[in-house]
Amino acid sequence: MPNRIYNFSAGPAVLPVEVLAEARDNLLSLGDTGIGIMEHSHRGKAYMALHEEAEALCRELAGIPSNYHVLFLQGGASLQFSMVPMNLLKSGLTADYLITGAWSQKAAIEARRCGTVHVACTSEDRNFCYIPKGCTWSAAPAYAHFTSNNTIFGTQFAKAPDAPANVPLICDASSDIFSRPLEISKYALIYAGAQKNLGPSGVTLVIIRDDLVERGPKELATMLQYRTYAEDHSLYNTPPTFGIYVMGLIFKWIKKQGGLAGVERANRDKAGKLYRHLDSGGLFRPTADADSRSMMNVTFVTGDASLDEKFVGVAKKAGLDGLKGHRSVGGMRASLYNAFPPAGVDALLEAMRDFEAKSA
Ligand SMILES: Cc1ncc(COP(=O)(O)O)c(C=O)c1O
Numbered sequence: 000m001p002n003r004i005y006n007f008s009a010g011p012a013v014l015p016v017e018v019l020a021e022a023r024d025n026l027l028s029l030g031d032t033g034i035g036i037m038e039h040s041h042r043g044k045a046y047m048a049l050h051e052e053a054e055a056l057c058r059e060l061a062g063i064p065s066n067y068h069v070l071f072l073q074g075g076a077s078l079q080f081s082m083v084p085m086n087l088l089k090s091g092l093t094a095d096y097l098i099t100g101a102w103s104q105k106a107a108i109e110a111r112r113c114g115t116v117h118v119a120c121t122s123e124d125r126n127f128c129y130i131p132k133g134c135t136w137s138a139a140p141a142y143a144h145f146t147s148n149n150t151i152f153g154t155q156f157a158k159a160p161d162a163p164a165n166v167p168l169i170c171d172a173s174s175d176i177f178s179r180p181l182e183i184s185k186y187a188l189i190y191a192g193a194q195k196n197l198g199p200s201g202v203t204l205v206i207i208r209d210d211l212v213e214r215g216p217k218e219l220a221t222m223l224q225y226r227t228y229a230e231d232h233s234l235y236n237t238p239p240t241f242g243i244y245v246m247g248l249i250f251k252w253i254k255k256q257g258g259l260a261g262v263e264r265a266n267r268d269k270a271g272k273l274y275r276h277l278d279s280g281g282l283f284r285p286t287a288d289a290d291s292r293s294m295m296n297v298t299f300v301t302g303d304a305s306l307d308e309k310f311v312g313v314a315k316k317a318g319l320d321g322l323k324g325h326r327s328v329g330g331m332r333a334s335l336y337n338a339f340p341p342a343g344v345d346a347l348l349e350a351m352r353d354f355e356a357k358s359a
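So for the sequence shown, numbering that gives the first Met the number 0 puts the first residue at 0; every next one is plus one.
Here it is in structure tokens:
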């Protein structure tokens with residue numbers, strides 16, 4: 000077992016060791032098949048069983064009703080920025096976007112290629128350090144789009160916004176998917192790149208209500224229509240088999256943690272500990288407003304960029320990697336996804352206290 004250090008990276012991010020070990024064991028031979036997981040045909044029995052199991056576990060964990068499809072796509076969350084409007088928006092229609100950070104801005108840019116974008120709310124005035132309290136909706140939005148967790152700015156919606164009746168609610172949940180229970184029926188479409196809470200990069204999970212699948216224009220390129228994936232169980236072409244396999248292992252691991260309620264408890268404990276210290280009036284302070292804080296990405300600063308840099312360097316030497324904040328916020332960002340171990344939070348707190356004592 001190589002020496003693993005604490006990886007606070009925002010993504011790709013830390014995965015559970017037992018999942019990595021199981022994947023490693025199946026690289027050369029999946030069970031006793033004599034063929035490694037990456038080498039199995041996506042049409043063969045062995046892979047198909049894993050594919051179906053991953054979907055079944057996903058449905059079970061999140062309580063996904065039967066009128067929703069679970070799809071495994073490629074192209075990352077960024078392709079969903081385009082696929083959502085290509086399928087659901089067109090010239091003459093308006094979509095409402097809640098702008099709470101760089102990712103929702105990017106999603107809105109892609110939507111503008113297809114139709115009109117109405118900004119239902121924005122927190123840009125204070126560098127996205129909060130989640131706006133309310134929205135002003137356009138007259139008849141084709142859909143409303145929001146980013147549940149703002150990876151860069153360390154903010155998170157406490158609950159899904161209430162879109163007007165019958166307006167499909169669409170969520171980019173890339174950085175907090177399956178970190179807490181989800182009321183699926185509130186959403187029309189949820190998407191997430193896997194590389195934070197669900198596995199390796201290269202596979203994107205899409206949970207979509209069946210009426211939306213049919214709304215996409217049939218003239219769109221085949222690979223850009225949701226129906227292509229829905230009709231063929233994500234097996235129209237070769238899917239990202241290894242990523243889907245690992246996602247299945249992650250789902251099993253989440254189940255063992257007590258399901259989504261179990262991981263939520265653990266996530267609250269981890270982030271809560273860190274925020275309590277940040278609120279204690281020491282050298283470090285949080286950047287996000289208290290009512291908008293993320294459980295996944297905890298952003299903080301000292302207020303002095305050179306001290307921040309020094310701390311990141313000291314922490315790295317102590318085996319705490321990936322703490323440098325995004326350039327648009329500065330300071331530090333501790334990403335504490337589902338698989339991040341609680342002991343890593345303790346180690347970070349120890350490093351912070353030590354640094355504070357030495358800087359006093
Ligand atoms: C909230 C959010 N949305 C979208 C993306 C872009 O994801 P991808 O790199 O899978 O396209 C990221 C990446 O970090 C993200 O955090």
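Where a beta carbon is used, it is the ideal one built from N, C-alpha and C, also for glycine.
The model shown is predicted, which means the values in this text are computed figures rather than measured ones.
Within 10 angstroms of its Cβ, does residue i collect 16 or more other Cβ (buried), or is it exposed?
i: Leu26; result: exposed
i: Asp171; result: buried
i: Arg292; result: buried
i: Ser65; result: exposed
i: Ala260; result: exposed
i: Ser103; result: buried
i: Ser135; result: A small correction: the amino acid at residue 135 is Thr; Ser does not occupy that position in the sequence shown. Exposed, by the Cβ-count rule.
i: Asn2; result: exposed
i: Asp278; result: exposed
i: Ala48; result: exposed
i: Arg418; result: Lying outside 0 to 359, the shown extent of the chain, residue 418 is not represented and no answer is given.
i: Pro216; result: exposed
Kindly say whether residue i, judged by its beta-carbon, lies nearer than 9 Å to any beta-carbon of chain D.
i: Leu29; result: Considering every chain present, this structure includes no chain D. It has just one protein chain.
Can you list, in chain order, the residues of its chain with a C-beta nearer than 7 Å to that of residue i? Leave out the 5 residues immediately preceding and following it.
i: Ala333; result: Phe7, Leu273, Val297, Leu322 and Leu347
i: Val344; result: Lys269, Lys272, Leu273 and Leu335
i: Phe250; result: Ala53, Leu56, Cys57 and Leu60
i: Ser81; result: Glu109
Within its chain, find whatever has a CB closer than 6 Å to the CB of residue i; leave out the 5 residues flanking it on each side and keep chain order.
i: Pro199; result: Gly242 and Val245
i: Gly10; result: Gln194 and Lys195
i: Ala162; result: Ala143 and Leu168
i: Cys120; result: Leu97, Pro131 and Cys134
i: Asn364; result: The structure shown does not extend to residue 364, since the chain is modelled only from 0 through 359, so no value can be given for it.
i: Val166; result: Pro140 and Ala143
i: Phe339; result: Val13
i: Pro15; result: Trp252 and Ala338
Looking only at its own chain, which residues have a Cβ that is under 8 Å from the Cβ of residue i, when we skip the five neighbours before and after it?
i: Thr93; result: Gly114, Thr115, Val116, His117, Ser137, Ala138, Ala139, Pro140 and Ala141
i: Ser358; result: Leu282 and Leu306
i: Leu319; result: Ile4, Tyr5, Phe7, Gly343, Ala346, Leu347 and Ala350
i: Phe145; result: Tyr96, Leu97, Thr99, Ser103, Phe156, Ala159, Pro160, Leu168, Ile169, Cys170 and Asp171
Under 8 Å, with one C-beta from each stretch per pair, do the segment 133 to 150 and the segment 85 to 93 reach the 3-pair mark?
yes
How would the residue list near ligand 1 read, in chain order, if you kept each one whose beta-carbon is closer than 6 Å to any heavy atom?
Gly10, Gly75, Ala76, Ser77, Trp102, Thr146, Thr150, Asp171, Ser173, Ser174 and Gly192
Specify whether the segment 223 to 236 and the segment 96 to 109 touch according to this definition: at least 3 beta carbon pairs, one from each stretch, less than 8 Å apart.
no
Within 8 Å, do at least three Cβ pairs link the segment 64 to 76 to the segment 190 to 203?
yes
Check whether the segment 147 to 160 and the segment 279 to 291 are in contact - that is, three or more C-beta pairs closer than 8 Å.
yes
Are there three or more Cβ pairs, one per stretch, closer than 8 Å when the segment 10 to 26 is compared with the segment 241 to 252?
yes
Quick check: the segment 215 to 233 against the segment 165 to 184, are at least 3 beta-carbon pairs closer than 8 Å?
no
The segment 123 to 136 contacting the segment 249 to 256, beta-carbon criterion three pairs below 8 Å
no
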